[in-house]
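Residue 0 is where the sequence shown starts when you use numbering that gives the first Met the number 0, and the numbers rise one by one after that.
In this text, a Cβ means the ideal position worked out from N, Cα and C, and glycines have one as well.
Below is one structure, written out as structure tokens, with a few remarks after it.
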Amino acid sequence: MKACYPGTFDPITKGHLDIIERAASVFDELDVVLMVNPRKKCLFDAEERKQMIEESIASLGTLHNVKVVIGEGLTVDFARKTGAKAIVRGIRAVTDYEYELQQATANMMLAPDIETMFFIAKPEYSFLSSSVVKEIALNDGDISAMVPEDTVKEVMNAMAGKKDILKK
Ligand code: ADP
């Protein structure tokens, strides 16, 4: 069975990567879908985010059934188009639950044939979000425990380049 894991991934964290690994071991095929939402302001553009995810996946060397794609519009439309039967999402804490429940219920109404399947965060990543990573990187903190190894430098470099713009 094929599944898709949609998200913003701005940038990918170790929490995301853990979900990707676990979902890849459950499903035959997994599309990590970098959802482009024009209303959402991102620090990294879609290509940069895609590249960071691809590098993180490649560095594990084992995820041969995972593909990274850029998507837009409704997740259920994307899933239908690509033949994915399940939508994978992660839940860190009760604070994620309400939002995820709303999304999953809306998707169920739009596409009853596609199931949303939740993976709970590993305890060590349950505090971890892309926003936390960006805040720490912006202030030159150590993000090495939070993002995949190969992306640490890219996030720090990108942050350094964008610091001036952000602080304006
Ligand atoms: P979105 O804007 O779609 O919420 P995110 O990139 O923030 O995109 O998250 C994508 C999915 O990954 C969401 O279901 C989110 O709950 C989950 N997620 C984010 N961080 C973690 C983490 N540290 N551990 C497990 N799941 C996570």
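For Asp95, the CB falls within less than 7 Å of some heavy atom of ligand 1. Non-local C-beta neighbours of Asp17 in its own chain, meaning closer than 8 Å and more than five positions away in sequence, comprise Ala120, Lys121, Tyr124, ordered along the chain. Boundaries of the alpha helix (DSSP H) harbouring Tyr96: 93-109, taken from the DSSP string. Val154 and Lys133 have their C-alpha atoms roughly 8 Å apart. Burial state of Met145 is buried, judged by a 10 Å Cβ sphere holding 16 or more other Cβ atoms. As a beta-bridge residue in DSSP terms, Arg88 pairs with Phe117. For Thr61, the number of other beta carbons within 10 angstroms of its own is below 16, and it is reported as exposed. A buried status is given to Asp9, since no fewer than 16 other beta-carbon atoms sit within 10 Å of its beta-carbon.
The alpha carbon of Asp139 has as its nearest neighbour, out of Ala103, Gly160, Leu109, the alpha carbon of Gly160.
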